[in-house]
Amino acid sequence: MVKHRTVLVVDDEPDVRWALEMILKKNGFAVATADSGDAALRWLRSHACDLILLDAKLGDIEGVELARRIQGETSSSAPMILVSGYFYKDDSVVQQSLRTGLISDFVTKPFRHDDIMNAIHAVLSSV
1 MVKHRTVLVV DDEPDVRWAL EMILKKNGFA VATADSGDAA LRWLRSHACD LILLDAKLGD
61 IEGVELARRI QGETSSSAPM ILVSGYFYKD DSVVQQSLRT GLISDFVTKP FRHDDIMNAI
121 HAVLSSV
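Numbering of the sequence shown is given in my numbering, commencing with residue 1 and proceeding in unit increments.
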């Protein structure tokens with residue numbers, strides 16, 4: 001039996017969570033979702049996943065800060081991809097987070113199906 005890889009989608013926009021969930025499920029991933037940083041941290045304290053897609057701007061926390069908290073407060077070692085309509089890839093916060101390995105990749109919103117899947121495959125193939 002093939003083990004499905006699990007992706008945690010963290011986004012406060014229901015439509016974005018839904019779209020990412022549909023793309024991922026169509027591509028054979030198991031999906032968990034969280035609508036806030038707090039919900040993501042709670043989920044990660046009792047579940048494991050293979051990858052985390054983080055919105056850069058959540059209602060309760062910035063995505064980069066949430067990535068730091070995930071590393072510091074949970075046992076998760078899953079790579080994280082920052083997904084943002086606020087930042088761009090050349091933004092200093094994004095570049096610093098990529099350089100230090102806090103995040104593994106970055107995808108700009110609005111994204112195309114291929115943008116997300118290419119980033120996911122690139123990150124998962126390198127772990």
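Backbone N, C-alpha and C fix where the C-beta goes; we use that ideal spot for every residue, glycine too. Fair warning: this is a prediction, and the values are worked out from it, not measured in the lab.
May I ask you to check if the CB of residue i is nearer than 7 Å to at least one heavy atom of the ligand ATP?
{"i": "D55", "result": "Judged by which ligands are present, the structure shown has none, so any question about the ligand ATP falls away."}
I need the straight-line Cα distance from residue i to residue j, nearest angstrom please.
{"i": "K89", "j": "V107", "result": "8 Å"}
{"i": "D11", "j": "V127", "result": "24 Å"}
{"i": "S77", "j": "D91", "result": "25 Å"}
{"i": "L51", "j": "I103", "result": "11 Å"}
{"i": "D60", "j": "G72", "result": "18 Å"}
{"i": "V123", "j": "D105", "result": "7 Å"}
{"i": "P110", "j": "F87", "result": "12 Å"}
Within 10 angstroms of the Cβ of residue i, are there 16 or more other Cβ atoms? Answer buried if so, exposed if not.
{"i": "I100", "result": "It should be noted that the sequence gives Thr, not Ile, for residue 100. Exposed."}
{"i": "G37", "result": "buried"}
{"i": "S125", "result": "exposed"}
{"i": "A56", "result": "buried"}
So for residue i, helix, strand or coil by DSSP?
{"i": "D105", "result": "strand"}
{"i": "I61", "result": "coil"}
{"i": "D55", "result": "strand"}
{"i": "V94", "result": "helix"}
Apart from the five residues just before and just after residue i, which ones in its own chain have a Cβ nearer than 8 Å to its Cβ?
{"i": "H113", "result": "I23"}
{"i": "M117", "result": "I23, N27"}
Against chain D, with Cβ distances strictly below 8 Å, would residue i count as a contact?
{"i": "S75", "result": "Although the question refers to chain D, the structure presented lacks it and comprises just one protein chain."}
Using a Cβ-Cβ cutoff of less than 7 Å, which residues in the same chain neighbour residue i once the five nearest sequence positions on both sides are dropped?
{"i": "W43", "result": "L8, A32, A34"}
Can you give me the Cβ contacts of residue i inside the same chain, cut-off strictly under 6 Å, excluding the 5 residues immediately before and after it?
{"i": "R5", "result": "F29, D50"}
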